[in-house]
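Please read the structure below before turning to the comments.
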Amino acid sequence: MVFHSVPTLIQSFFPKRIWNKPDGGQKIYLTFDDGPVPGVTDYVLNELSKREMKATFFMVGANVEKSPKLAREVLFEGNGVGNHTFHHLDGWKTRLKDYLTDVELCNQILEKTLNEKPKLFRPPYGTMTGRQAKVIRETQELIMWNVLTGDYDRSLSPDQILKNTLKHINSGAIVVLHDQEKTRDIIRKVLPDLLDFLADQGYQTAIL
Ligand SMILES: [Zn+2]
4 MVFHSVPTLI QSFFPKRIWN KPDGGQKIYL TFDDGPVPGV TDYVLNELSK REMKATFFMV
64 GANVEKSPKL AREVLFEGNG VGNHTFHHLD GWKTRLKDYL TDVELCNQIL EKTLNEKPKL
124 FRPPYGTMTG RQAKVIRETQ ELIMWNVLTG DYDRSLSPDQ ILKNTLKHIN SGAIVVLHDQ
184 EKTRDIIRKV LPDLLDFLAD QGYQTAIL
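Next up, the structure:
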């Protein structure tokens, strides 16, 4: 089952994780997970920059290692970058020490590649234990989301993804999309319309 918006009850269980940023303005926080991936991330960058929009990219360390130039381009275009572990680990299936080591590995490759320490972290699959969260929170902000586009869900048509997303978007929303192999095609069908809609509605994109 796909939650297109995260119920506030779930959000209230984890008040120290950031689910949205309502600030009274017309801001939207677009986020892209799992890249950088050639042929996908560069497409996203181009669509964003055409409209002078920005997003935050939660990168997988192994992908940064494979495509460092693309990772730098994300930052160079004025977008935000965060840590998404080195091997895209599931926190619930990974021991504390192994998880923290993997997070640190991703921090190291990001710092080496981008010349700056990532201040943000997002757990793959949205799963992490309380102990994992507690340690990571000492140095990084934990960024969750409140709107899932479902772009990775093959049972959804581009139209359904767009409709579901637009229905749940509101000011301060943190929206999850993916720049990875599985979303290579769907992102081309959904992203231009989504970005145009946001612009038409007067939303401004911001980085986290
Ligand atoms: Zn992910």
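Numbering (our numbering), first residue to last: 4 to 211.
For glycine and all other residues, C-beta sits at the position ideal for the given N, C-alpha and C.
- Around the beta carbon of residue 105, 16 or more other beta carbons sit within 10 angstroms, so the residue counts as buried.
- Here residue 47 carries a helix assignment [DSSP, helix/strand/coil].
- Only buried fits residue 66, as 16 or more other CB atoms lie within 10 angstroms of its CB.
- Comparing C-alpha distances from residue 19 to each of 208, 172, 181, 125 shows the shortest one belongs to 125.
- Of the other Cβ atoms in all chains shown, 16 or more fall within 10 Å of the Cβ of residue 61; this residue is therefore buried.
- Look at residue 43: its beta carbon is at least 8 Å from all of the heavy atoms in ligand 1.
- Less than 9 Å divides the Cβ of residue 204 from the Cβ of residue 29.
- Note on residue 149: 16 or more other CB atoms within 10 angstroms of its CB, so buried under the neighbour-count rule.
- Excluding its 5 nearest sequence neighbours in each direction, residue 187 has C-beta neighbours in its own chain below 7 Å: 42, 43, listed in chain order.
- Residues whose Cβ lies closer than 5 Å to any heavy atom of ligand 1, listed in chain order: 36, 37, 127.
- Residue 176 has 23 as its beta-bridge partners, per DSSP.
- In this model, residue 144 and residue 210 are separated by some 13 Å (Cα to Cα).
- Counting every other CB atom within 10 Å of its CB across the protein chains shown gives residue 88 a total of 16 or more, marking it as buried.
- Within the same chain, and ignoring the five residues on either side of residue 90 in sequence, the residues whose Cβ sits closer than 7 Å to its Cβ are 65, 105.
- Distance check between residue 162 and each of 75, 195, 131 places 195 closest, using alpha-carbon atoms only.
- In this structure, residue 172 lies away from residue 21, with their beta-carbon atoms at least 9 Å apart.
- In the three-state reduction of the DSSP assignment, residue 16 falls in the helix class, which pools H, G and I.
- Here residue 40 really is in contact with residue 183; their C-beta atoms are around 5 Å apart, less than 8 Å.
- Residue environment: residue 118 is assigned as exposed (fewer than 16 neighbouring CB atoms within 10 Å of its CB, all protein chains considered).
- Burial is judged here by how many other beta carbons sit within 10 angstroms of a residue's own beta carbon; residue 121 has at least 16 and is buried.
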